[in-house]
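Contents: one structure, followed by commentary.
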Amino acid sequence: MSETNSPLMSVVIATPDSFDGIRHTISYLIRQTARASLEIVIVAPSRRQLNLDEARLSELLAEFSQVQILEVGAIHSIGRANASGIRRASAALIALAEDHCFPDPQWAESLINAHRGPWTAVGPAVRNANPNSAVSWADLFIGYGPWLWPTTAREADFLPGHNTSYKRNVLLEYGEQLEPMMEAETLLHWDLRKTGHRLYIDPSAQVAHTNFSLWRSWLPVQFYNGRLFAGARVREMAFWRRTLFVAGSPLIPALRLWRIWRGLGSIEQRRRFLSCIHALVIGLVMDGIGQLVGYAAGVGGAVDQVARFEFHRFRHIRDEDRRDLSLV
0 MSETNSPLMS
10 VVIATPDSFD
20 GIRHTISYLI
30 RQTARASLEI
40 VIVAPSRRQL
50 NLDEARLSEL
60 LAEFSQVQIL
70 EVGAIHSIGR
80 ANASGIRRAS
90 AALIALAEDH
100 CFPDPQWAES
110 LINAHRGPWT
120 AVGPAVRNAN
130 PNSAVSWADL
140 FIGYGPWLWP
150 TTAREADFLP
160 GHNTSYKRNV
170 LLEYGEQLEP
180 MMEAETLLHW
190 DLRKTGHRLY
200 IDPSAQVAHT
210 NFSLWRSWLP
220 VQFYNGRLFA
230 GARVREMAFW
240 RRTLFVAGSP
250 LIPALRLWRI
260 WRGLGSIEQR
270 RRFLSCIHAL
280 VIGLVMDGIG
290 QLVGYAAGVG
300 GAVDQVARFE
310 FHRFRHIRDE
320 DRRDLSLV
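With numbering that gives the first Met the number 0, letter number 140 in the sequence shown gets 139, and the count goes up by one each step, no holes.
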């Protein structure tokens, strides 16, 4: 571990197996203007499975303030992996990263600067890394619609999941509840807002997100994401309130479709929305079914299923997308 200077921000990134799964994202982190102020926390099952040779590790140590490898055993939960990395990190700021989301060079510097303000959490603007299919755009609108580039700097009610930065001390206050909160970050953001914390979207920090582009992968993901969110939301809720949510579930697809449309800020975004509306409707119906099941029966096996699809995104995108992203 390099000890030349204390990091200003720790970037937590998880892989369920080898370093190859996160290599592409790490290459973008190396391009950061603020890389000397970054600690990289790699969460992996074991050093052996990570298979990061000493020469490559030395290269990383030369680029960043610090590099930590955290061994956690088999990874079946994104929330648990990220929570473990947050606890191990040493910087006052935490940023979450994914194997399929690639930050612009100014990303880290912009987040660090924004955190000098009164914000507990700061999120980036999001672009489409694989924009050549209706499924990819529908996935992006459903998952990241409120923060699509171009957008404006503003206070926000919630921020992009798996791609937001936080003040670490606030996250640690959640104790054992940090893992479930990190599974469905929208619920974390709502809770932060409820307790007086402020959230901010900074469009000078941008990421390019690789979205599902295969129907056979995307539709199950919509169901499992819906079930995970709903099940987590009602975990401590009274039975009568859960019943109300179950009864209202058939309205979810139409309500979410309207909210996505209403939140779009440019003519180009609305044109893209209309071009993929058939995929949006189908995806939102699957999400609505998942939420109905989650409200009625809880999370079930959704945590494992979501993790299975979230890692190794290249397996769930079209050949054309892999070529464009240089993943072949």
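All C-beta atoms, glycine included, are put in the ideal place defined by N, C-alpha and C.
A quick note: this is a predicted structure, and the numbers were derived from the prediction, not measured.
Q: Could you tell me the boundaries of the beta strand (DSSP E) in which MET8 lies?
A: 8 to 13
Q | Coarse secondary structure for PRO149, derived from DSSP in three states | A | In the structure shown, the three-state DSSP call for PRO149 is coil.
Q) Bridge partners of TYR199, per DSSP? A) DSSP lists VAL121, GLU154 as partners of TYR199.
Q.
Run through the DSSP bridge pairs and tell me what ALA43 is partnered with.
A. GLU70
Q) From ARG197 to TYR165, what does the alpha carbon distance come to, in whole angstroms? A) 11 angstroms
Q: Look at the Cβ atom of ARG271, then the Cβ atom of TRP136, and state whether they are nearer than 8 angstroms.
A: yes
Q. What is the DSSP secondary structure of PRO159, reduced to helix, strand or coil?
A. coil
**Q.** Inter-residue Cα distance where the pair is VAL292 and HIS23
**A.** When rounded, the distance between both Cα atoms is 36 angstroms.
**Q.** For LEU324, three-class secondary structure by DSSP
**A.** coil
Q. Just curious, the alpha helix (DSSP H) that SER83 is in, first and last residue?
A. 77 to 87
Q. Taking the alpha-carbon positions, what's the GLN105 to MET8 distance?
A. Straight through space, the alpha carbons of MET8 and GLN105 are spaced by roughly 14 angstroms.
**Q.** Nonlocal neighbours in the same chain, by C-beta distance under 7 angstroms from PRO6, ignoring five residues either side
**A.** SER36, LEU37, GLU38, SER64, GLN65, SER89, ALA90
Q | Cβ-based burial, MET236 [other Cβ within 10 Å; buried from 16] | A | exposed
Q.
Relative to the C-alpha of ALA183, which candidate in ALA43, SER212, LEU250, THR163 has its C-alpha closest?
A. THR163
Q: Please go through the stretch 189 to 243 and give each complete beta strand (DSSP E) segment of 3 or more residues, from N-terminal end onward.
A: If one requires a minimum length of 3 residues, the beta strand (DSSP E) runs lying completely within the stretch 189 to 243 are 198 to 208, in chain order.
Q. Secondary structure at ARG55, three-state DSSP: helix, strand or coil?
A. helix
Q: May I ask you to report which of helix, strand or coil DSSP gives LEU263?
A: Note: LEU263 maps to coil in three-state DSSP.
Q) With 16 other CB atoms within 10 Å as the buried threshold, where does PRO102 fall? A) buried
Q. If we count the other Cβ atoms within 10 Å of its Cβ and call it buried at 16 or more, is VAL327 buried or exposed?
A. Here the model assigns VAL327 a pLDDT of 46, short of 50, so the residue's position is not dependable and the matter cannot be decided.
Q. From SER1 to HIS99, what distance separates their C-alpha atoms?
A. Bear in mind that the predicted position of SER1 carries a pLDDT of just 44, short of 50, making it unreliable; the figure below should be weighed with that in mind. Using only the alpha carbons, I get a separation of about 27 angstroms.
Q) Based on the DSSP secondary-structure assignment, which residues constitute the bridge partners of ILE93? A) In DSSP, ILE93 forms a bridge with SER9, TYR165.
Q: Could you name the residues of the same chain whose beta carbon sits closer than 6 angstroms to that of HIS340, not counting the 5 residues immediately before and after it, in chain order?
A: Here the chain covers residues 0 to 327 and nothing more, so residue 340 does not appear.
Q.
If you follow the alpha helix (DSSP H) that PHE101 is in, where does it begin and where does it stop?
A. Taken as a continuous stretch (DSSP letters only), PHE101 belongs to no alpha helix (DSSP H), being part of the beta strand (DSSP E) at 100 to 102.
Q. Since GLY230 contacts GLY142 with CB under 8 angstroms, what's their CB separation in whole angstroms?
A. Contact doesn't hold; Cβ gap of about 18 angstroms is too wide.
Q: Consult DSSP for MET0 and reduce its assignment to one of helix, strand or coil.
A: Unreliable placement is indicated for MET0, whose pLDDT of 41 sits below 50; no coordinate value is reported for it.
Q: Using the Cα positions of ARG321 and HIS311, report the straight-line distance between them to the nearest angstrom.
A: One alpha carbon belongs to ARG321, the other to HIS311, and they sit about 12 angstroms apart.
Q.
Are the CB atoms of PRO159 and LEU148 within a distance shorter than 8 angstroms?
A. Just to set this straight, residue 148 is Trp in the shown sequence, not Leu. No, they are not a contact pair.
Q) For the candidate residues LEU256, SER109, ASN50, LEU273, whose alpha-carbon lies nearest to that of THR32? A) If we check each option's Cα against that of THR32, SER109 comes out closest.
**Q.** Where the alpha helix (DSSP H) through LEU250 begins and ends
**A.** Neither: LEU250 is in no alpha helix (DSSP H) and is coded neither H nor E.
Q | Cβ distance (whole Å) where VAL134 is taken to contact TRP217 below 8 angstroms | A | Right, the Cβ-Cβ distance comes to about 5 angstroms (below 8 angstroms), so this counts as a contact.
Q. When you compare only the Cα positions, how much space is there between GLY264 and LEU254?
A. 18 angstroms
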